[in-house]
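What follows is a short report on a single structure.
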Amino acid sequence: MDVDLILRVYPFFLQAAWVTIQLSVLTAVLGLACGSLGAAARLSRLRIFRIIGAVYVSLFRGTPALIQLFILYFGGPQIGIQLDAFEAGVIGLGVNIGAYMTETIRGAIIAIDRGQTEASRTLGLSRWQSMRYVVLPQAARLMIRPLGVNINALIKGTALVAAISVVELTYTAQRYIGSTYKPFEMFLLSGTLYMIIIYATGRGIAWLDRRARIT
Amino acid sequence: MTDTAFVEIRNAAKSFGSLQVLRDINLKVERGQIVAIIGPSGSGKSTLLRAINELDPLSSGEIWLEGVQINKKLPHRQYERHVNQVRQDIGMVFQHFNLFPHLTVRENITLAPKLLKGMSAGEANALAEQQLAKVGLMEKIDAYPSQLSGGQKQRVAIARALAMKPKVMLFDEATSALDPELVEEVNLVMKQLAEEHMTMIIVTHEMGFAESVCDRVLFMDGGVVVEEGPPEVIFRNPENERTRAFLRKHLQTNHNR
Ligand SMILES: Nc1ncnc2c1ncn2[C@@H]1O[C@H](COP(=O)(O)OP(=O)(O)O)[C@@H](O)[C@H]1O
Ligand SMILES: [Mg+2]
Chain A
154 MDVDLILRVY PFFLQAAWVT IQLSVLTAVL GLACGSLGAA ARLSRLRIFR
204 IIGAVYVSLF RGTPALIQLF ILYFGGPQIG IQLDAFEAGV IGLGVNIGAY
254 MTETIRGAII AIDRGQTEAS RTLGLSRWQS MRYVVLPQAA RLMIRPLGVN
304 INALIKGTAL VAAISVVELT YTAQRYIGST YKPFEMFLLS GTLYMIIIYA
354 TGRGIAWLDR RARIT
Chain B
27 MTDTAFVEIR NAAKSFGSLQ VLRDINLKVE RGQIVAIIGP SGSGKSTLLR
77 AINELDPLSS GEIWLEGVQI NKKLPHRQYE RHVNQVRQDI GMVFQHFNLF
127 PHLTVRENIT LAPKLLKGMS AGEANALAEQ QLAKVGLMEK IDAYPSQLSG
177 GQKQRVAIAR ALAMKPKVML FDEATSALDP ELVEEVNLVM KQLAEEHMTM
227 IIVTHEMGFA ESVCDRVLFM DGGVVVEEGP PEVIFRNPEN ERTRAFLRKH
277 LQTNHNR
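Listed in order, the protein sequences are those of chains A and B. Whatever position you read off the first sequence (first residue = 1), add 153 for the working numbering. Whatever position you read off the second sequence (first residue = 1), add 26 for the working numbering.
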């Protein structure tokens with residue numbers, strides 16, 4: 154193993170890791186927004202919203218994320234959507250993970266006993282108040298761990314944007330392999346950095362989950 | 027104002043799909059009256075109670091509370107506003123308590139008054155303390171529901187309903203999920219409400235309690251009111267054969283327990 158090489162190139166990998174972190178955070182935020190909207194649509198009183206929600210979920214879970222990215226980044230200009238690679242990466246991955254998060258959030262909400270809604274409605278709370286003050290606070294606790302699983306998948310999924318030339322961890326590894334012919338070291342380096350990011354995120358999620366249980 | 031009784035149910039019918047659960051039910055409850063509903067499992071007692079506050083809206087018929095029709099046919103938005111309003115006047119106590127587990131006892135009680143009656147935190151707190159004192163649970167005010175026994179949970183659920191100052195209280199087998207030794211503390215609270223002349227409709231399996239507390243008893247079977255009358259008649263000298271059979275069976279199983 155070429156330790157000298159690793160010591161020489163690792164600062165560039167740290168920069169790339171920062172890009173991966175930014176991608177992950179923005180994607181997670183967009184994903185949570187899409188997931189919340191998706192879950193609201195899936196649980197709507199109105200059939201049309203339920204259908205839209207269901208179509209969103211099956212479309213984005215039913216096709217490879219890579220194809221979705223390609224359609225957005227390479228196909229987008231044809232229909233007037235001009236995005237740089239990073240933007241396309243965030244939007245493509247965010248909307249994709251949002252479909253999974255839709256199901257996570259919806260699952261947590263419907264897991265709350267109907268009696269909770271009934272008791273609050275009986276007191277005179279509106280549908281929204283009952284959701285806001287009684288159901289969602291309980292569902293939020295239930296969804297921390299499964300959303301953590303979605304976020305774990307999302308972080309690993311950011312590797313896909315190497316295919317549209319975003320200079321993140323995977324792309325950077327590929328680039329240095331091109332000039333050094335040392336794939337083992339380069340992938341090991343980026344793999345290690347992925348692991349650190351994922352481990353730290355996992356600890357954060359576990360901490361949140363523990364806190365939510367205590368209060 | 028219509029000339030309706032305090033609580034009045036007229037020609038109530040209810041189907042779930044093709045299953046007819048209530049047929050032509052009529053009931054008048056005057057202010058301060060206490061009515062017990064008894065009958066075998068599946069006879070439609072819960073459905074009737076849940077129809078009164080629109081949890082399970084009737085298929086046909088009318089429900090009135092103090093001259094206001096509860097189950098008005100209205101466009102969606104108006105209907106929602108209407109039920110949110112009338113439900114504030116109807117307290118309901120469930121078999122499984124349905125306390126909010128993420129809130130303390132205090133918060134369980136103050137949630138609705140704060141949101142719906144615009145009470146300040148101070149006013150709501152005072153109200154919570156007053157209601158808890160009434161059910162004898164002041165010391166549990168900052169406990170979470172998971173820290174309470176079943177009997178305590180149900181007393182908090184009653185306090186929560188009372189905090190909205192309802193005009194009528196509905197009890198759906200409030201003691202059925204309790205261990206036998208915890209039944210009495212809940213019954214005592216209900217008896218106290220009776221002494222304060224709270225209007226109550228009580229679905230129960232406890233014939234002794236119904237007899238001692240209620241002004242009138244309805245026996246339901248197969249979605250109809252088979253027989254109704256004062257407790258001493260229904261329990262001591264029922265006319266209908268189905269009522270007799272039910273009471274015979276019920277008293278027997280109670281003895282065998
Ligand atoms: N939401 C529902 N959907 C379909 N059937 C129901 C529903 N709720 C109650 N039922 C049926 O209605 C009948 C009466 O139920 P219920 O009112 O709970 O009876 P009780 O409280 O007297 O035991 C039962 O046959 C029950 O299965
Ligand atoms: Mg029942």
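Virtual Cβ for every residue (Gly too), placed ideally from N, Cα, C.
I need the DSSP call for residue i, collapsed to helix, strand or coil.
i, result
"residue 42 of chain B", "strand"
"residue 118 of chain B", "strand"
"residue 190 of chain B", "coil"
"residue 356 of chain A", "helix"
"residue 166 of chain B", "helix"
"residue 268 of chain B", "helix"
"residue 232 of chain B", "coil"
"residue 335 of chain A", "coil"
"residue 200 of chain A", "helix"
"residue 195 of chain B", "strand"
"residue 225 of chain B", "strand"
"residue 194 of chain A", "helix"
"residue 84 of chain B", "coil"
"residue 303 of chain A", "helix"
"residue 210 of chain A", "helix"
Starting from the beta carbon of residue i, find every residue of chain D whose beta carbon is closer than 8 Å, and list them in chain order.
i, result
"residue 280 of chain A", "Here chain D cannot be found, since the structure's protein chains are A and B."
Evaluate residue i with the Cβ neighbour count: other Cβ atoms within 10 Å of its Cβ, from every protein chain shown; 16 or more gives buried, anything less gives exposed.
i, result
"residue 103 of chain B", "exposed"
"residue 332 of chain A", "exposed"
"residue 180 of chain B", "buried"
"residue 191 of chain B", "exposed"
"residue 156 of chain A", "exposed"
"residue 199 of chain B", "buried"
"residue 154 of chain A", "exposed"
"residue 168 of chain B", "exposed"
"residue 7 of chain B", "The requested residue 7 of chain B is not part of the displayed model; chain B covers only 27 to 283."
"residue 209 of chain A", "buried"
"residue 68 of chain B", "exposed"
"residue 52 of chain B", "exposed"
"residue 286 of chain B", "For chain B, the structure presents residues 27 to 283; residue 286 of chain B sits outside this window and is missing."
"residue 182 of chain A", "exposed"
Is it true that the CB of residue j sits closer than 7 Å to the CB of residue i?
i, j, result
"residue 48 of chain B", "residue 73 of chain B", "yes"
"residue 90 of chain B", "residue 34 of chain B", "yes"
"residue 260 of chain B", "residue 61 of chain B", "no"
"residue 245 of chain B", "residue 65 of chain B", "yes"
"residue 154 of chain B", "residue 130 of chain B", "no"
"residue 253 of chain B", "residue 266 of chain B", "yes"
"residue 191 of chain A", "residue 206 of chain A", "yes"
"residue 113 of chain B", "residue 275 of chain A", "yes"
"residue 128 of chain B", "residue 290 of chain A", "yes"
"residue 92 of chain B", "residue 32 of chain B", "yes"
"residue 177 of chain B", "residue 212 of chain B", "yes"
Closer than 7 Å, CB to CB, is residue i near chain A or not?
i, result
"residue 131 of chain B", "no"
"residue 103 of chain B", "no"
"residue 226 of chain B", "no"
"residue 180 of chain B", "no"
"residue 200 of chain B", "no"
"residue 81 of chain B", "yes"
"residue 113 of chain B", "yes"
"residue 151 of chain B", "no"
"residue 141 of chain B", "yes"
Does any CB atom of chain B fall closer than 7 Å to the CB of residue i?
i, result
"residue 272 of chain A", "yes"
"residue 196 of chain A", "no"
"residue 287 of chain A", "yes"
"residue 290 of chain A", "yes"
"residue 276 of chain A", "yes"
"residue 357 of chain A", "no"
Quick check: is any heavy atom of ligand 4 less than 6 Å from the C-beta of residue i?
i, result
"residue 59 of chain B", "Among the ligands in the structure shown, ligand 4 does not appear; only ligand 1 and ligand 2 can be found there."
Environment of ligand 1 in chain order, Cβ to heavy atom below 5 Å: B:42, B:47, B:67, B:68, B:69, B:70, B:71, B:72 and B:73
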